Amino acid sequence: MYNEEVIKEFQNLQNVGVVENYNAYGKIGNAACGDIMEMTMYINPETEIIEQVGFRTFGCAAAQATSSRATTLVKGKTVQEALALSNKAVVDSLGGLPAQKMHCSVLAEEAIKACVENYLDRKAGKITDSNEPTKMV
Ligand code: FES
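Okay, so the sequence shown: first residue is 96 according to our numbering, each after it adds one.
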């Protein structure tokens, strides 16, 4: 069902966990299956480069592999570059996913967007630690 690249990524997940001293947070639920993904980042406020990123998911193998790959693709990038990352680009970098698993890759894209938006809202003073948003897709 999965190609070799996806299996390799799944067996060697990158950036699992929570970033210490994170300043960006996103939590996304996948309405299609009920799985959840949480992402944290440390974004350098001077350069707006994503220096650290971590994810945790209650998701399937496809969700884990795409989340892992997505974190490696946004690490070291600016927030604007991260916002432009699509789930299709992540899936393409893994050589594709079975059609019925494509929805799983949306978790990573949406979590990155939620995380960056959280950072931008926090920077604008709209969010405090006590009112972190959650979002369903
Ligand atoms: Fe839920 Fe894949 S089946 S994320």
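We treat Cβ as the ideally placed atom computed from N, Cα and C, and that holds for glycine. Just so we're clear, the structure is a prediction, and the values are computed from it rather than from any experiment.
Inter-residue distance for Cys128 and Gln159 is about 14 angstroms (C-alpha atoms, whole angstroms).
Measuring C-alpha to C-alpha distances from Tyr137 to each of Glu143, Tyr214, Gln147 identifies Gln147 as the nearest.
With respect to Ala177, Val211 sits close: the two C-beta atoms are nearer than 7 angstroms. Tyr137: not part of any alpha helix (DSSP H); member of the beta strand (DSSP E) spanning 131-138, first to last residue. Of the other Cβ atoms in all chains shown, fewer than 16 fall within 10 Å of the Cβ of Asp187; this residue is therefore exposed. If you look at Glu146, you'll find it in the beta strand (DSSP E) that goes 145-153. For Ile207, the enclosing alpha helix (DSSP H) begins and ends at 197-218. For Gly121, same chain residues with a beta-carbon under 6 angstroms away, outside a window of 5 residues either side, are Met134, Ala206, Ala209, Cys210, Asn213 in chain order.
Residues Ala160, Ser163, Arg164, Leu189 of the same chain have their beta carbon placed closer than 7 angstroms to that of Glu104, with the five preceding and five following residues left out of the count. Sorting Cys155, Ala126, Gly149 by C-alpha distance to the C-alpha of Glu115 places Gly149 at the top. Here Met132 is buried: its Cβ has 16 or more other Cβ atoms, across all protein chains shown, within 10 Å.
Looking at the backbone, the Cα of Asp130 and that of Glu141 are separated by about 34 angstroms.
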